[in-house]
Amino acid sequence: SKVILDSGNYGFWKSRMKVIIGGIDVMAWRAVLVQWTAPIVVDADGVSSLKPEDTWTEDELKKAKFNSRALSAIHCSVTKKTFELIQGCETAEETWDLLQLHFEGTQKVQNSRKDMLASRFENLKMDEHESIFEFSSKLKSLSQEAATLGKKYKDTKLVKKFLLCLPVKFMAYKSALTVSHNIESLSFGDVVGMLQAHELELESLVTDTRKTMNLALTCEKKNSGSEDDTDAVERSSKRPEVQCFECKGFGHFKTDCPTVKRRELKCFGCKGLGHTQLECVNDQKFKKDRAMIAEEDSEEESEDEEILNNFVTFVGIVEFDEGHAGSESDDEQDDDDDLVKSYRDVREALLRIGLENTVLAKEKLRLEAMVEALQAELQAEKKLSLESVSLMKEKLILATKADMWEKELYAEKEVTAQL
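Anchor point for the sequence shown: position 389 equals 389 in the UniProt record's numbering, and the numbering is continuous, going up by one each time.
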């Protein structure tokens, strides 16, 4: 893709243009390095003048051609605003130097930029979530940016910086690497490749560990389900040993006692409790008498049946009241025992929760203190980084001003010399 020069990508543009112009021809890049001049001739009187183009030699034509090609490549890769700076230049070398001076500044400005890049290089750190590929690319691009300014980092320095910035999870492999290899002889690419392979092994190990944990949780759930079934079987096997406090029978609790459930039954015929309509004595006797008595005696029999009905119903109620009164004392005793047991269970649970809360409160205080310490350390590092950047910017500004003053002084000296 075509590269267009702007105020923020000069280093990138410079590297690309070197390749593009060198790809045209070696003579084209030589025209950038060595200024091309038009051929001249000297007459008999010693006066020099431009040589007519139709008399140029083949070598002179070739040099002029490759100068034009290099100049054309530069013109086609700048914006309109940048082109206004170089539109008066006739040679590729003059154009290249003018752009370099405009975007990179004088030697002092370049030195200040080198110092800023060196500060960024020293403060560069690898985050825990960053991959080896991402951090190595960041480190390599920073070294290439410094190379465009004339400062080259050797592979040994890049390897040491790279190993120094590794997070805790790579410490074991870093120790093994320094013991088994000579760091001075390893290239940056080799170290990055070995650490990328180790990173893949760590990722696969984490994946296997997660699968094992999920399998363990599944087995634990199955075991808990089988334990619940075992408890249910044990409870069912112990049921014959259980005694009911209501009827004094065995094999059931008070809540499952048939005597208690029978008391809740209500007859829809006599409205009494403790039996159903099918079992009601009054209803059966009433049906039998109706079949034997004639129609003319129906009114008298109905009165007798009403009296008998009330009498039997009263007897059923009296029997229930007697049975219920006999079991009130047992119910109260059971309720008291259940209340005491529930109170003990609640008290033990509260004590256990209180101890757990105490431990959690201590852990919370410890973690809060650790967080505050880490935040203070982070703020201190940020402050130092900001101060370093501010100093570098101030140094760059002062270098620019010094360069301007030198130019003014030089201009004044020339004016003074002419006087």
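Yeah, the Cβ is synthetic: ideal placement off N, Cα and C, and Gly gets one too. In this text the structure is predicted, and so the values were computed from the model without any measurement.
Through-space distance from residue j to residue i, alpha-carbon basis
i: Thr207; j: Tyr173; result: 19 Å
i: Ser7; j: Glu93; result: 20 Å
i: Glu199; j: Val168; result: 13 Å
i: Thr55; j: Gly46; result: 19 Å
i: Phe162; j: Gln379; result: 24 Å
i: Leu367; j: Val389; result: 33 Å
i: Ala349; j: Thr358; result: 14 Å
i: Tyr343; j: Val371; result: 41 Å
i: Lys362; j: Ala376; result: 21 Å
i: His102; j: Ala197; result: 44 Å
i: Leu365; j: Leu351; result: 22 Å
i: Met171; j: Asn182; result: 17 Å
i: Leu202; j: Met17; result: 42 Å
i: Leu205; j: Glu130; result: 18 Å
i: Thr95; j: Leu386; result: 37 Å
i: Lys407; j: Val415; result: 12 Å
i: Trp405; j: Lys382; result: 35 Å
i: Gly272; j: Leu339; result: 34 Å
i: Lys100; j: Leu409; result: The residue asked about is misnamed: residue 100 is Gln in this sequence, not Lys. If you take the alpha carbons of Gln100 and Leu409, they lie about 23 Å apart.
i: Leu355; j: Ser180; result: 51 Å
i: Leu374; j: Leu360; result: 21 Å
i: Glu134; j: Glu53; result: 56 Å
i: Asn9; j: Phe121; result: 19 Å
i: Asn353; j: Lys341; result: In the sequence under discussion, the amino acid at residue 353 is Ile, which differs from the Asn named in the question. Rounded to whole angstroms, Ile353 to Lys341 spans 18 Å at the Cα level.
i: Ala44; j: Ile86; result: 37 Å
i: Ser175; j: Asp190; result: 16 Å
i: Asp345; j: Ala369; result: 37 Å
i: Arg347; j: Cys280; result: 50 Å
i: Thr57; j: Lys413; result: 44 Å
Cutoff 7 Å; reference residue i; Cβ partners in own chain excluding five residues on either side
i: His75; result: Phe83
i: Ser143; result: Tyr153 and Leu158
i: Asp59; result: none
i: Glu184; result: Thr156
i: residue 452; result: The chain is shown from 1 up to 419; residue 452 falls before or after that span and cannot be answered.
Check whether residue i and residue j have beta carbons under 8 Å apart
i: Val192; j: Ser136; result: yes
i: Val159; j: Leu186; result: yes
i: Glu145; j: Gly22; result: no
i: Met194; j: Leu177; result: yes
i: Ile4; j: Arg69; result: no
i: Lys114; j: Lys80; result: no
i: Cys257; j: Cys244; result: yes
i: Met27; j: Lys62; result: yes
i: residue 453; j: Lys14; result: Summary: the structure shown does not reach residue 453, with the chain confined to residues 1 through 419, and so no result is reported for it.
i: Lys108; j: Ala402; result: yes
i: Ile20; j: Ala73; result: yes
i: Trp29; j: Ala64; result: no
Per DSSP, the bridge partner or partners of residue i
i: Val41; result: Ser49
i: Leu5; result: Val78
Contacts around residue i, its chain only, beta-carbon distance under 6 Å, and the 5 residues preceding and following it disregarded
i: Asp155; result: Ser187 and Phe188
i: Ser112; result: Lys395, Leu396 and Ala399
i: Ala31; result: Phe66, Asn67, Ala70 and Ala92
i: Ser48; result: Ile40 and Val42
i: Glu128; result: Pro167
i: Lys2; result: none
i: Glu104; result: Gln110
i: Ala38; result: Leu50
i: Asp337; result: none
Same chain only: Cβ atoms within 8 Å of residue i, ignoring 5 sequence neighbours per side
i: Met392; result: Ser112, Asp115, Met116 and Ser119
i: Leu124; result: Lys138, Leu139, Leu142, Lys161 and Cys165
i: Gln418; result: none
i: Cys89; result: Leu71, Thr95 and Leu98
i: Leu33; result: Glu93
Identify every run of the alpha helix (DSSP H) within the region 79-148, keeping only runs that are complete inside it and at least 4 residues long; order them along the chain. Runs of the alpha helix (DSSP H) inside the region 79-148: 80-86, 92-104, 107-123 and 132-148.
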